[in-house]
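Engineer: Under this note's numbering, think of the first position of the sequence shown as 446, with each following residue one higher.
Dropping a structure here in structure tokens format, bear with me for questions.
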Amino acid sequence: MRCDAGPRRGVGHLVRCLALAEEFLARGADVTVFGTVERLDWATAELAARGIPLLPGPDSAAELVETARRHHLDVLVLDSYELDPAGAGALRAAGVYTLAIIDGDSRGQVADLYLDQNFGAELPGPGAVPGLGAGVGLPGRLLAGSGYALLRDTVISARPPVAPPATAVGRPRVLAFFGGTDAVGAAPVLTRVLVATGHPMDLTVIVGRPEIEAEVEDVTPGRGQIIRPVPPTTSLPALITEADLVVSAAGTSTWELCCLGAPTALVCVVDNQRESYTRVVRHGLAAGLGELPELTAGGVAGRAARATAARTLHGLLSSPQRRTTLAARAWSTVDGQGRARVVDAVFDAVRAAAVTG
């Protein structure tokens, strides 16, 4: 698997590759991760705990092919917005089965298999030819939609057997987290918006970096409000299931929240989340708080965006029924079997190629 993670890159690519790696390992495959994991001790510990080697990442198409040959790879998974798009085609031409994990945009990669795990990705996009649907024009097969969401063992094992109903509580437990590193600094912004609701709460904020922690600690809670900053933790699934409301970025963690049936309010923190964020909110899988640049804007527009987000959050904090409705729709959308379906597709293709070859 070829992916990177770091304070500015975030950890979404690594986390979903880790989920896929767990499934490959469970099926008896050998897995190696190629890439850079910067200043994320907990992430390297996650790889080490599973016995997955972490080796320097090849970048160019030629380096990818050379690495695949040197390590006798049958399959290479590419999950990056930064790698040379020509790498997938070069690997494919060299006889290495290639899976490209994408988020709407294939970046011109020529892979054997594409995976877009975002909700609604299987639907035709704007300008698509009627009746053909998503994936038209891709040279390889496309696995699309939240039925293929890649989730780690810890999430799958924590999935409740039924969608959990919300209960009325005077001081709801709220969990806020924005990726493994909070690369865009969303935690302090949303902490202030949550405080502005005026609603009592016990708020736990995952702080990915020391500078984020310092900003969160500067926020003064209101009456009946407690703010508790904590570092990234492997116990995140347990914190999610214990929370009455989760506030998060609309990234790869969205599918973990859905699988666990968490009542969630999302914020779109980067441009490539916009389409997925819009679909998830439109279909009622989560409440929408808007886009981070709107929430951080100055002047009248910024104040209005923050006030609207605060009203949405207050409505969720004060209404168990709203939270129950969100949780039920989310839980029924992601069943936790996505990674098994992806590995089935890879193994079927590799076996078929071996027979015909």
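Built from N, CA and C at the ideal position, the CB exists for glycine as well.
Can you find the residues in the same chain that come closer than 6 Å, C-beta to C-beta, to Ala746, ignoring five residues on each side of it along the sequence?
Structural biologist: Position 301 of the sequence shown, counted from the first residue, corresponds to residue 746. Within the same chain, Ala746 has no close Cβ partners at all.
Engineer: For Ala821 and Asp793, I'd like the C-alpha separation in whole angstroms.
Structural biologist: The first residue shown for the chain is 446 and the last is 802, placing residue 821 beyond what the model contains.
Engineer: Can you give me the C-alpha to C-alpha distance between Ser763 and Arg673, rounded to a whole angstrom?
Structural biologist: Here residue 763 refers to the residue found at position 318 when the sequence shown is read from its first residue. Here residue 673 refers to the residue found at position 228 when the sequence shown is read from its first residue. If I take the Cα positions, the gap works out to 21 Å.
Engineer: In or out: Leu500 buried (at least 16 other Cβ within 10 Å) or exposed?
Structural biologist: Counting from one through the sequence shown, the residue named residue 500 turns up at place 55. The residue is exposed, with fewer than 16 neighbouring Cβ atoms inside 10 Å.
Engineer: Could you tell me which of Arg719, Val779, Leu730, Ala755 sits nearest to Gly549, measuring between CA atoms?
Structural biologist: Translated into positions along the sequence shown, residue 549 becomes position 104. For Gly549, the nearest C-alpha among the options comes from Arg719.
Engineer: Mark Tyr593 as exposed unless 16 or more other C-beta atoms lie within 10 angstroms of its C-beta, in which case mark it buried.
Structural biologist: Taking the sequence shown and counting its residues from 1, one reaches residue 593 at position 148. Tyr593 should be labelled buried.
Engineer: Since Ile497 and Ala466 should fall inside the 8 Å C-beta cutoff, what is the C-beta to C-beta distance between them, to a whole number of angstroms?
Structural biologist: On the sequence shown, residue 497 is found 52 positions in, with the first residue counted as 1. On the sequence shown, residue 466 is found 21 positions in, with the first residue counted as 1. Ile497 to Ala466, Cβ: 6 Å. Contact.
Engineer: Check this for me: beta carbons of Ser721 and Gly565, under 9 Å apart or not?
Structural biologist: The sequence position of residue 721 within the sequence shown is 276, counting from 1. The sequence position of residue 565 within the sequence shown is 120, counting from 1. In contact: Ser721 and Gly565 (Cβ atoms closer than 9 Å).
Engineer: Once the 5 residues before and after Ser525 are set aside, which same chain residues still bring their CB inside 7 Å of it?
Structural biologist: Sequence index remark: in the sequence shown, residue 525 carries index 80 (1-based). Arg447, Cys448, Asp449, His458, listed in sequence order.
Engineer: At the level of alpha carbons, what is the spacing between Thr626 and Arg453?
Structural biologist: Here the question's residue 626 lines up with position 181 in the sequence shown. Here the question's residue 453 lines up with position 8 in the sequence shown. If I take the Cα positions, the gap works out to 7 Å.
Engineer: Between which two residues does the alpha helix (DSSP H) carrying Glu404 extend?
Structural biologist: Residue numbering for the chain in the displayed model covers 446 to 802; residue 404 lies beyond these limits and cannot be assessed.
Engineer: I'd like the list of long-range same chain contacts for Pro571, defined as Cβ closer than 8 Å, with 5 residues on each side in sequence excluded.
Structural biologist: For the purposes of this step, residue 571 is identified with residue 126 of the sequence shown, where counting begins at 1. Bear in mind that the predicted position of Pro571 carries a pLDDT of just 41, short of 50, making it unreliable; the figure below should be weighed with that in mind. Excluding sequence neighbours, Pro571 sits near nothing in its chain.
Engineer: How long is the line joining the alpha carbons of Glu511 and Val541, rounded to whole angstroms?
Structural biologist: On the sequence shown, position 66 is the one that residue 511 refers to. On the sequence shown, position 96 is the one that residue 541 refers to. Going by the C-alpha atoms only, they are around 11 Å apart.
Engineer: Report the three-state DSSP secondary structure of Phe792 (helix, strand or coil).
Structural biologist: As a position in the sequence shown, residue 792 is number 347, starting the count at 1. Looking at Phe792 - three-state DSSP - the assignment turns out to be helix.
Engineer: Determine the burial state of Ala850: buried for a count of at least 16 other Cβ atoms within 10 Å of its Cβ, exposed for fewer.
Structural biologist: Shown here, the chain extends from 446 to 802; a query on residue 850 therefore has no answer.
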